[in-house]
Amino acid sequence: MQQYEAIRVEIDAAAHVATVTLNRPEKLNSFTRAMHKELSAALDEAVEAGVRALVLTGAGRGFCAGQDLADLSFEPGASTDLGTLIDEHFNPLVRRLQALPLPVIAAVNGIAAGAGANLALACDIAIAARSSSFAQSFVKIGLVPDSGGTAFLPQRLGMARALGLAITGEKIGAEQAERWGLVWQVVDDAELLASAKALAAQLAQQPTRAIAAIKRAMRASATNTLDQQLDLERDLQRELGNSYDYTEGVQAFIQKRAPRFEGR
């Protein structure tokens, strides 16, 4: 297992679950470029370990406060190009989480602000501690939501609430986020990590190849026409119909036993 400074990785081989923890608690786990590189390596490590589900969380009292401004330059004529920063770090991270061929669960503790809030939304399922909160804080420093925020918010909330959160930068609590459909579930703070790991262990026993196809199809629906989506469903179903897990699932149903899926 690799050694990291700003990331912790725990592999539960028996459950086929990886827990990746952002580990800069003194900075509310805000991102630096070095932390981005470590997180990318940690995801590589989890995939190479053959895990079938992944939990992403934050150490200490916050999930992630977005970009660490101290990692940027504000020198006149030499200030950090935010477009390059996003293109090299945040966008690849969001794309990778969305495309991972396994379920990714965000366990949101404390504040999730700016890119940190959208990092949680980039995961497949978000479970939030009751005391946690979400803030699209970009506007407070003259910026636009990034890391997928302008896509995720309207998709989940509708335009009125998405614009309201983005334009005001207001913070909302976990229970309001759950009512609005921003997160899947709210649990008591003390139960957050155990709940996320239990869900990950449950999903790791499911046909993860089918879960990967579900992720792909659901996300394609945002831009596909109905005809394109129907064709994609057909193609994915044909592919899955030739899989081991489909045969196993059907046989288990006929034999009235629990299926033993392998993700192939």
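Under our numbering, the first residue of the sequence shown is numbered 51, with each subsequent residue one higher. Note that beta-carbon positions come from the ideal geometry of N, C-alpha and C, so glycine has one too.
Residue span of the beta strand (DSSP E) that contains residue i, given as start and end
{"i": "valine 70", "result": "67-72"}
{"i": "lysine 48", "result": "Given that the chain is displayed from residue 51 to residue 314, the structure contains no residue 48 and the question cannot be resolved."}
Coil, strand or helix - residue i by DSSP
{"i": "valine 154", "result": "strand"}
{"i": "glutamate 138", "result": "helix"}
{"i": "alanine 56", "result": "coil"}
{"i": "asparagine 112", "result": "It is glycine, not asparagine, that sits at residue 112 in the sequence shown. Strand at glycine 112."}
{"i": "alanine 250", "result": "helix"}
{"i": "glutamine 117", "result": "strand"}
{"i": "leucine 78", "result": "coil"}
{"i": "leucine 143", "result": "helix"}
{"i": "serine 129", "result": "coil"}
{"i": "serine 245", "result": "helix"}
{"i": "glutamate 228", "result": "helix"}
{"i": "glutamate 122", "result": "A small fix is needed here, since residue 122 is leucine in this sequence, not glutamate. Of the three classes helix, strand and coil, the one that applies to leucine 122 here is coil, per DSSP."}
{"i": "glutamine 255", "result": "coil"}
{"i": "valine 189", "result": "helix"}
{"i": "glycine 214", "result": "helix"}
{"i": "alanine 170", "result": "helix"}
{"i": "alanine 240", "result": "helix"}
{"i": "alanine 149", "result": "helix"}
Start-to-end residues for the alpha helix (DSSP H) that takes in residue i
{"i": "alanine 267", "result": "258-270"}
{"i": "threonine 235", "result": "The sequence given here has glutamine at residue 235, not threonine. Glutamine 235 -> not in any alpha helix (DSSP H); beta strand (DSSP E) instead, spanning 235-237."}
{"i": "glutamate 88", "result": "83-98"}
{"i": "glutamine 205", "result": "199-207"}
{"i": "phenylalanine 303", "result": "294-304"}
{"i": "aspartate 277", "result": "276-291"}
One or two residues paired with residue i in a DSSP bridge
{"i": "serine 183", "result": "Ile161 and Gly223"}
{"i": "leucine 106", "result": "Val70 and Ala156"}
{"i": "aspartate 62", "result": "Val67"}
{"i": "isoleucine 177", "result": "Ala157 and Gln235"}
C-beta contact flag for residue i and residue j at 9 Å
{"i": "leucine 253", "j": "leucine 203", "result": "no"}
{"i": "asparagine 159", "j": "aspartate 239", "result": "yes"}
{"i": "alanine 92", "j": "isoleucine 161", "result": "no"}
{"i": "glycine 164", "j": "alanine 185", "result": "yes"}
{"i": "proline 75", "j": "glycine 112", "result": "yes"}
{"i": "threonine 71", "j": "glutamate 60", "result": "yes"}
{"i": "cysteine 243", "j": "alanine 157", "result": "First, the residue type needs correcting, since residue 243 is leucine and not cysteine in the sequence shown. In contact: leucine 243 and alanine 157 (Cβ atoms closer than 9 Å)."}
{"i": "tyrosine 294", "j": "alanine 260", "result": "no"}
{"i": "glutamine 255", "j": "phenylalanine 303", "result": "no"}
{"i": "alanine 34", "j": "valine 194", "result": "With the chain represented from 51 up to 314, any question about residue 34 goes unanswered, as that position is not in the structure."}
{"i": "arginine 58", "j": "alanine 109", "result": "yes"}
{"i": "arginine 180", "j": "valine 237", "result": "yes"}
{"i": "isoleucine 155", "j": "isoleucine 175", "result": "yes"}
{"i": "serine 80", "j": "glycine 166", "result": "yes"}
{"i": "alanine 56", "j": "alanine 96", "result": "no"}
The ligand SAH heavy atom lying under 8 Å from the CB of residue i
{"i": "alanine 99", "result": "Questions concerning the ligand SAH fall outside what the structure shown contains, since it holds no ligand whatsoever."}
Subject >> Sufficient close CB pairs (3 or more, under 8 Å) joining the region 146-160 to the region 119-126 >> reply: Cβ pair count under 8 Å is below three, so no.
Original post:
With contact counted as at least three CB pairs below 8 Å, one residue from each stretch, are the region 60-76 and the region 104-118 in contact?
Top reply: yes
Original post:
Does the region 256-276 touch the region 220-240, meaning 3 or more C-beta pairs lie closer than 8 Å?
Top reply: no
Original post:
Would the region 212-231 and the region 173-185 be scored as touching if the rule is three or more Cβ pairs under 8 Å?
Top reply: yes
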